[in-house]
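Take 4 as the starting number for the sequence shown in my numbering and just add one per residue.
In what follows, a single structure is set out as structure tokens and then discussed.
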Amino acid sequence: GCGTGNATGPGSHSADIAGYDTNKNWIQGAPSIFLDNAAPAINRSLDALACAVRSCCDQANLQVEEMARQVGMDMPGSNSCAGGTATAQAVMANENELCSRNIVQSAQSLLNQHAGTSTAKTEKHGVRLMVLSMEAFLDGGDEDNTGGFTDKQVKNLLKVCEIILKNPHLLHAPGPLYHMVSNVAILLCHLLNGMHANCSASAGSSSESGGGVEGVLFDEVMDSFMAVRKLLNLHRKCLPVRLRCHGIPKPNVGPFRKTMSPEAPFVDLGETLMCASRGCQGFVLMGCSPCVAAERAMSAAKAHARDGDNLDEDEFQRELGDLGDDFNLDDDTLFNILSRIVQN
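Listed below in structure tokens is the structure:
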């Protein structure tokens, strides 16, 4: 079902095949295999995950295009005017079934169904890694929790690290697995920075609560991050520059660290060599996936609109107070103001 080199089709180059119009029907649009109830469960799960990844990429592209419009820049290849990609149109038409969170949950259910009925002894580690990564990426987080991460999110991030450390060959698999693991490591950086900041803020207090549990969690996250970072750096060196994901900086520890300031982040993400993908860049810049960033922006906009009337009233009262202060100025001050106005 894939168009290859012929008189009217694309050449044998992989970029030509991927960009061929006929093959794009399998890359964009509604997840036809997932929607086919007669298809095998593992195939439907993979198609669902592919649709979720495409949706996240669409969100990232829309965010970059929106920021570009705000500063007056023209972005080449913008899809906003054309109503978005075929995948975005399909998701908007069937939002309850195809939105990222719901379709990832469906993918997990299908994967569990396959594991329960399959006679094969080999576990689908790659698909399991994708499900756990997407669940962690789509978790909205908890601002009241340590580092802004929920317990389930931290558990999924650590489980992804365990899978990739036991199966490092998955980094060579086609698809987004390598980029997913890199973004998991970036989220671990944000988690470590949050825990380190909370520990530094409470260093002067006499409270002894939380030190044991948080210390154990910090050590476990630190060990997982360092191991995965080493694995990713080794794999990254073997790739062409255009295919490389983030170059992740090392923690600010040891006798040769760059700064001794206690306010410095544990891992300075400002030194990250960012991936060229817009979807991956959001993890470094905002500490969350594009879908979560879009939801937070929408929530902030609704809150701003809801509180707009109250803000307008407060601003009006401030202006009245400032106007009253202006009338209380002495004659010399008013004369100086009038002199500047006349000169201008």
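All residues carry an ideal CB built from backbone N, CA and C; glycine is no exception.
Status (buried if at least 16 other CB within 10 Å, exposed otherwise) for residue i
i: Arg245; result: exposed
i: Ser212; result: Summary for Ser212: the model assigns pLDDT 48, below 50, so the residue's position carries little reliability, and this model does not support an answer.
i: Ala188; result: buried
i: Met95; result: exposed
i: Ile61; result: A small fix is needed here, since residue 61 is Asp in this sequence, not Ile. Its Cβ being crowded by 16 or more others within 10 Å, Asp61 is buried.
i: Val219; result: exposed
i: Arg72; result: exposed
i: Lys240; result: exposed
i: Met70; result: exposed
i: His249; result: buried
i: His172; result: exposed
i: Ala53; result: buried
i: Leu101; result: buried
i: Asn99; result: exposed
i: Ser103; result: buried
Expected contact under 8 Å - CB spacing of residue i and residue j to nearest Å
i: Val270; j: Pro258; result: 17 Å between Cβ atoms; not a contact.
i: Phe37; j: Ala51; result: 4 Å
i: Ser227; j: Leu191; result: 7 Å
Strand pairing of residue i, partner residues [DSSP]
i: Gly87; result: According to DSSP, which records beta bridges pairwise, Gly87 is partnered with nothing at all.
i: Gly178; result: None, per the DSSP bridge assignment.
i: Leu276; result: Gly250
Beta-carbon proximity check, residue i vs residue j, cutoff 8 Å
i: Val134; j: Val157; result: no
i: Leu174; j: His117; result: no
i: Val287; j: Leu141; result: no
i: Leu195; j: Val224; result: yes
i: Ala33; j: Ala93; result: yes
i: Thr90; j: Gln31; result: yes
i: Cys59; j: Pro252; result: no
i: Leu113; j: Ala44; result: yes
i: Leu168; j: Gly129; result: no
i: Ala110; j: Ser48; result: yes
i: Ser185; j: Leu235; result: yes
i: Asn46; j: Arg281; result: no
i: Gly87; j: Gly151; result: no
i: His193; j: Cys278; result: no
i: Ser136; j: Val163; result: yes
Span of the alpha helix (DSSP H) around residue i
i: Ser264; result: Per DSSP, Ser264 belongs to no alpha helix (DSSP H) and is neither H nor E.
i: Glu126; result: Counting along the chain, Glu126 falls outside any alpha helix (DSSP H), and DSSP gives it neither H nor E.
i: Ser58; result: Ala44 to Gln73
i: Thr120; result: Ser103 to Thr120
i: Asn255; result: Asn255 -> no alpha helix (DSSP H), and no H or E assigned at all.
i: Ser35; result: Ser35 to Leu38
i: Asn170; result: Counting along the chain, Asn170 falls outside any alpha helix (DSSP H), and DSSP gives it neither H nor E.
i: Val370; result: Given a span of 4 to 347 for the chain in the structure shown, any question on residue 370 remains unanswerable.
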